[in-house]
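**Student:** The structure is given below, and queries will be raised subsequently.
Numbering (this note's numbering), first residue to last: 13 to 365.
Here it is, written out as structure tokens:
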């Protein structure tokens, strides 16, 4: 009769230490009200309860709550067979609650994971060994143009150009061989547009089967930047090679990093022969000292001019008027410079003397 009494609802366990201690320890309460300690005794008497039976409910090892029975007509203790039946019922309830809690946790975790995947800028998909789609994120639907109803019937081969089939097959073989270095494979949109994608993959277990987790990122912007950089380099090379004199670029240790065709041609070497070698190798011992002194001056003033006498591959000594300056790129300091041939001028000066 007191089940709907608001004064008896939402009462903290701490107000009833005897009940709390026994139930949280997995013990039952099977006692006449008169034998209960305070304040549990007063609680039962206030409801007209003569005897009470309380059984704890556990979710695994966690105490969840209790189920209670009482007698208001007579003082009694519940028999062993009754207790056995009720304990079995309580265990069934506890196991059910545990499974329900696990299911809810699994659903929450799955929803949480799906939300993360759906908000990634990359395509995330799971395929079986026949390349049939098993799972995908919302980004996959958006970037392919297909609905979930269409995707469930499709294969990974349906999203790539035919000329990329072998690349996909080879990439899967690498994954199986534990060599998932990543692969560039284009993606074909439902409307036919083809875009470059970079894919990484790994094997995972799903429902007892080995499947493939594939993650693809659109690299169109990177490709455009690469193309622009290549075009910019070609343009810069054309300008440098078109200069009337020589052009060179050195690192701080005077190793040649870049040069135009005139620089290599005048010395009788190929550019590959000269790259990454110290420019001081092109000078006599006496001239090397001048070059090193000018290097120190350059790092003090930021720019320098000098007359230099490099030696060609055939042993000929040239005369060059060189202007050099410091240049910063990618947080590194380089030396860039140009040289003009003054051999004729030097020869006339000699003749006039």
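Where is the CB? At the ideal position from N, CA and C, for every residue including glycine. Being a predicted model, the structure only gives us computed values, none of them experimental.
Output yes or no for whether 9 Å exceeds the beta carbon distance between residue 168 and residue 155.
**Tutor:** The residue given as residue 168 occupies position 156 in the chain shown. The residue given as residue 155 occupies position 143 in the chain shown. Not in contact: residue 168 and residue 155 (Cβ atoms no closer than 9 Å).
**Student:** When you compare each of 355, 67, 48 to residue 278 by their alpha carbons, which one comes out closest?
**Tutor:** Along the chain shown, one-based indexing puts residue 278 at 266. Minimum Cα distance to residue 278 is reached at 355.
**Student:** Output the distance between the C-alpha atoms of residue 276 and residue 335, rounded to the nearest integer angstrom.
**Tutor:** For the purposes of this step, residue 276 is identified with residue 264 of the chain shown, where counting begins at 1. For the purposes of this step, residue 335 is identified with residue 323 of the chain shown, where counting begins at 1. Computed Cα separation, rounded: 18 Å.
**Student:** When DSSP labels each residue in this structure, what does residue 29 get in the three-state scheme?
**Tutor:** Translated into the one-based positions of the chain shown, residue 29 becomes position 17. The answer is helix: DSSP assigns residue 29 an H, G or I state.
**Student:** If you pair each beta-carbon of the stretch 33-46 with each one of the stretch 68-87, do three or more pairs fall below 8 Å?
**Tutor:** Cβ pair count under 8 Å is three or more, so yes.
**Student:** Need the endpoints of the alpha helix (DSSP H) that residue 156 sits in, please.
**Tutor:** Numbered from its first residue, the chain shown carries residue 156 at position 144. 150-156 is the extent of the alpha helix (DSSP H) around residue 156.
**Student:** Residues in the same chain with beta-carbon distance under 6 Å from residue 196, minus the five sequence neighbours each way, listed in chain order, please.
**Tutor:** The residue given as residue 196 occupies position 184 in the chain shown. If we look at residue 196 and ignore the five residues flanking it on each side, its Cβ neighbours are 210.
**Student:** Taking the beta strand (DSSP E) that residue 344 belongs to, which residues open and close that run?
**Tutor:** Counting from one through the chain shown, the residue named residue 344 turns up at place 332. Unbroken beta strand (DSSP E) run through residue 344: 344-353.
**Student:** Using 8 Å as the cut-off, can you tell me whether the stretch 99-111 makes contact with the stretch 129-137, which would need three or more C-beta pairs spanning the two stretches below that distance?
**Tutor:** Segments in contact, no.
**Student:** What separation, rounded to the nearest whole angstrom, lies between the Cα atoms of residue 200 and residue 212?
**Tutor:** Taking the chain shown and counting its residues from 1, the one referred to as residue 200 is at position 188. Taking the chain shown and counting its residues from 1, the one referred to as residue 212 is at position 200. Roughly 17 Å between the two C-alpha positions.
**Student:** Expressed to the nearest angstrom, what Euclidean distance is found between the alpha-carbon atoms of residue 48 and residue 113?
**Tutor:** For the purposes of this step, residue 48 is taken as residue 36 along the chain shown, with counting starting at 1. For the purposes of this step, residue 113 is taken as residue 101 along the chain shown, with counting starting at 1. Roughly 34 Å separates the two Cα atoms.
**Student:** Check each candidate in 337, 320, 292 and name the one with the smallest Cα separation from residue 313.
**Tutor:** On the chain shown, residue 313 is found 301 positions in, with the first residue counted as 1. Per the Cα distances, 337.
**Student:** Let me know if residue 357 comes out buried or exposed under the rule of 16 or more other beta-carbons within 10 Å of its beta-carbon.
**Tutor:** As a working note, residue 357 is residue 345 in the chain shown. Result: exposed.
**Student:** Just grab the DSSP bridge partners of residue 333 for me.
**Tutor:** Here residue 333 refers to the residue found at position 321 when the chain shown is read from its first residue. DSSP lists 319, 352 as partners of residue 333.
**Student:** Would you say residue 149 and residue 166 are within 9 Å of each other, going by their C-beta atoms?
**Tutor:** Position 137 of the chain shown, counted from the first residue, corresponds to residue 149. Position 154 of the chain shown, counted from the first residue, corresponds to residue 166. No.
**Student:** According to DSSP, simplified to helix, strand and coil, what is residue 70?
**Tutor:** The residue labelled residue 70 in the question sits at position 58 within the chain shown. Residue 70: strand per DSSP, three-state reduction.
**Student:** Out of curiosity, what's the CA-to-CA distance linking residue 183 and residue 352?
**Tutor:** For the purposes of this step, residue 183 is taken as the residue at position 171 of the chain shown. For the purposes of this step, residue 352 is taken as the residue at position 340 of the chain shown. Their backbone Cα atoms lie some 54 Å apart in a straight line.
**Student:** Classify residue 194 as helix, strand or coil using the three-state DSSP reduction.
**Tutor:** Taking the first residue of the chain shown as 1, we reach residue 194 at position 182. Here residue 194 sits in coil by DSSP.
**Student:** Would you call the stretch 343-352 in contact with the stretch 258-271, where contact means no fewer than 3 C-beta pairs closer than 8 Å?
**Tutor:** Contact holds: three or more Cβ-Cβ distances are below 8 Å.
**Student:** Short of 6 Å in beta carbon distance, which residues of its chain neighbour residue 252, apart from the five on each side in sequence? Order them along the chain.
**Tutor:** Working through the chain shown from its first residue, we reach residue 252 at position 240. The residues are 259, 272.
**Student:** In whole angstroms, what separates the C-alpha of residue 176 from that of residue 198?
**Tutor:** For the purposes of this step, residue 176 is identified with residue 164 of the chain shown, where counting begins at 1. For the purposes of this step, residue 198 is identified with residue 186 of the chain shown, where counting begins at 1. Between residue 176 and residue 198, the C-alpha separation is close to 7 Å.
**Student:** Is residue 64 buried or exposed, if buried means 16 or more other CB atoms sit within 10 Å of its CB?
**Tutor:** As a working mapping, residue 64 is identified with position 52 in the chain shown. Per the 10 Å Cβ criterion, buried.
**Student:** Reducing DSSP to helix, strand and coil, say where residue 47 ends up.
**Tutor:** Counting from one through the chain shown, the residue named residue 47 turns up at place 35. If DSSP states are grouped into helix, strand and coil, residue 47 belongs with the helices.
**Student:** Which ranges does the beta strand (DSSP E) cover as unbroken runs of at least 3 residues, wholly within the stretch 233-275, from first to last along the chain?
**Tutor:** Correct list: 258-262, 268-271.
**Student:** Name, in chain order, the residues that DSSP records as bridge partners for residue 139.
**Tutor:** Here residue 139 corresponds to residue number 127 of the chain shown, with the count starting at 1. Paired residues: 145, 224.
**Student:** May I have the straight-line CA-CA distance separating residue 204 from residue 158, to the nearest angstrom?
**Tutor:** Numbered from 1 along the chain shown, position 192 holds the residue referred to as residue 204. Numbered from 1 along the chain shown, position 146 holds the residue referred to as residue 158. Approximately 12 Å, taken between the alpha carbons.
**Student:** What distance in whole Å lies between the Cβ atoms of residue 321 and residue 290, which are believed to be in contact at a cut-off of 8 Å?
**Tutor:** Locating residue 290 in the chain shown gives position 278, counting from the first residue. Locating residue 321 in the chain shown gives position 309, counting from the first residue. 16 Å between Cβ atoms; not a contact.
**Student:** Per DSSP, residue 82 is paired with what?
**Tutor:** The sequence position of residue 82 within the chain shown is 70, counting from 1. Answer is 64, bridged to residue 82.
**Student:** Quick one: what does DSSP say residue 212 is sitting in, helix, strand or coil?
**Tutor:** In the chain shown, the residue the question calls residue 212 occupies position 200. It is a strand residue.
**Student:** Tell me whether residue 274 is buried or exposed, calling it buried when 16 or more other Cβ atoms sit within 10 Å of its Cβ.
**Tutor:** In the chain shown, counting from the first residue as 1, residue 274 sits at position 262. Under this definition residue 274 is a buried residue.
**Student:** Who does residue 338 pair with in a DSSP beta bridge?
**Tutor:** Here residue 338 refers to the residue found at position 326 of the chain shown. For residue 338, which the question treats as bridged, DSSP gives the partners 347.
**Student:** Go to residue 184, then tell me how far its alpha helix (DSSP H) extends in each direction, as first and last residue.
**Tutor:** Numbered from 1 along the chain shown, position 172 holds the residue referred to as residue 184. 177-188 is the span of the alpha helix (DSSP H), which, as asked, contains residue 184.
**Student:** Taking only the alpha-carbon atoms, compute the straight-line gap between residue 32 and residue 93 and give it to the nearest angstrom.
**Tutor:** What you label residue 32 is simply residue 20 of the chain shown in a count that begins at 1. What you label residue 93 is simply residue 81 of the chain shown in a count that begins at 1. Spanning the two alpha carbons is a distance of roughly 25 Å.
**Student:** Can you list, in chain order, the residues of its chain with a C-beta nearer than 8 Å to that of residue 11? Leave out the 5 residues immediately preceding and following it.
**Tutor:** An answer regarding residue 11 cannot be provided, because it is not within the stretch 13 to 365 covered by the chain.
**Student:** Hey, how far is the Cα of residue 75 from the Cα of residue 82?
**Tutor:** Here residue 75 is taken as the residue at index 63 of the chain shown, counted from 1. Here residue 82 is taken as the residue at index 70 of the chain shown, counted from 1. In a straight line, the C-alpha of residue 75 is about 21 Å away from that of residue 82.
**Student:** Indicate the three-state DSSP secondary structure (helix, strand or coil) for residue 59 in the structure shown.
**Tutor:** Counted from its first residue, the chain shown places residue 59 at position 47. Coil.
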